[in-house]
Amino acid sequence: MTTFQTALYPIAALLITTGAQAQDSPKAVASPPATAVGKIGAADVTVKYSSPAVKGRSIWGGLVPYGQVWRAGANEATTIEFSKPVKVEGKDLPAGKYSFFVVPSEQEWKIIFNKTANQWGAFKYEEKTDALRAAVKPRPLATPSERLTYEVQPSGLVLRWEKMELPISIK
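Residues -22 to -1, 1 to 149 (mature numbering (1 follows the signal peptide of the UniProt record, and there is no 0)) make up the sequence shown, in order.
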């Protein structure tokens, strides 16, 4: 080995090691998975979703168009599981796991609990497999929410993102 090759060997080893470490470093996930859990009456409730960020974008009527079915999160469709039967906005919903979709508009949103729980986005959503649909009124948030979040409360479920929240009555 020449003196030049000997001098380069430690530098090459360092570059290879640094490259391997960079590949092993976890990447920041744009829409990390999240879970909200709680009780509504006697029912255990679990919401699983991916939580996108606003990132300076216009969300309602922009990134999420009005009048179209939206997966209520990012990536896979949001799922909601109830351990016992519940009443959503006064309508009966059996215990089980459902995909959750919304159709936002400026004044009133449709909420949808679909029997096909595991699906990617809303690409294969079919209305014929809906278990329940109801109308809900969104309201402005006092403090904007950068990330999409769900909260299970004793009175129901609340979706919050950007400048809006959607309270859903569940008993």
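The beta carbon of each residue, even a glycine, is placed where N, CA and C say it ideally should be.
Here the structure is a predicted model, which means the values were calculated and not measured.
To which residues does DSSP link residue i through a beta bridge?
i      : result
Ile90  : Phe79, Arg111
Tyr27  : Ala12
Lys17  : Asp22
Pro72  : According to DSSP, which records beta bridges pairwise, Pro72 is partnered with nothing at all.
Pro145 : Val136
Val42  : Trp38
Can you name the start and end residues of the beta strand (DSSP E) that residue i belongs to?
i      : result
Leu119 : 117 to 131
Val64  : 64 to 66
Glu59  : 56 to 60
Quick check on residue i: buried or exposed, where buried means 16 or more other Cβ atoms within 10 Å of its Cβ?
i       : result
Gly40   : exposed
Gly134  : buried
Asp2    : Confidence in Asp2 is poor, its pLDDT being 48 and thus under 50, which makes the residue's placement unreliable; the coordinate value appears in the next sentence. By the 10 Å Cβ count, Asp2 comes out exposed.
Gln(-2) : Here Gln(-2) scores only 44 on pLDDT, less than 50, and its place in the model should not be relied on; the value that follows carries that caveat. Exposed is the call here.
Val81   : buried
Val7    : exposed
Arg35   : exposed
Leu137  : buried
Gly51   : buried
Ile146  : buried
Am I right that residue i and residue j are in contact with their C-beta atoms under 8 Å? What's the rounded C-beta distance?
i      : j      : result
Ala21  : Ser83  : Actually they do not touch by this definition, with Cβ atoms about 29 Å apart.
Gly16  : Val114 : Not quite, the Cβ-Cβ distance comes to about 19 Å (not below 8 Å), so this is no contact.
Tyr128 : Val25  : 5 Å
Thr57  : Lys75  : 6 Å
Val47  : Phe91  : Contact doesn't hold; Cβ gap of about 13 Å is too wide.
Pro116 : Leu144 : 5 Å
Ile148 : Val32  : That pair is no contact at about 26 Å.
Glu140 : Ile18  : Actually they do not touch by this definition, with Cβ atoms about 25 Å apart.
Pro30  : Leu126 : 6 Å
Pro119 : Met142 : According to the sequence provided, residue 119 is Leu. The question's Pro does not apply to it. Yes, they are in contact, since the Cβ atoms of Leu119 and Met142 sit about 6 Å apart, within 8 Å.
Glu67  : Ala112 : 4 Å
Between residue i and chain D, is any beta-carbon pair separated by less than 9 Å?
i     : result
Pro10 : Of the chains in the structure shown, none is chain D; there is only one protein chain.
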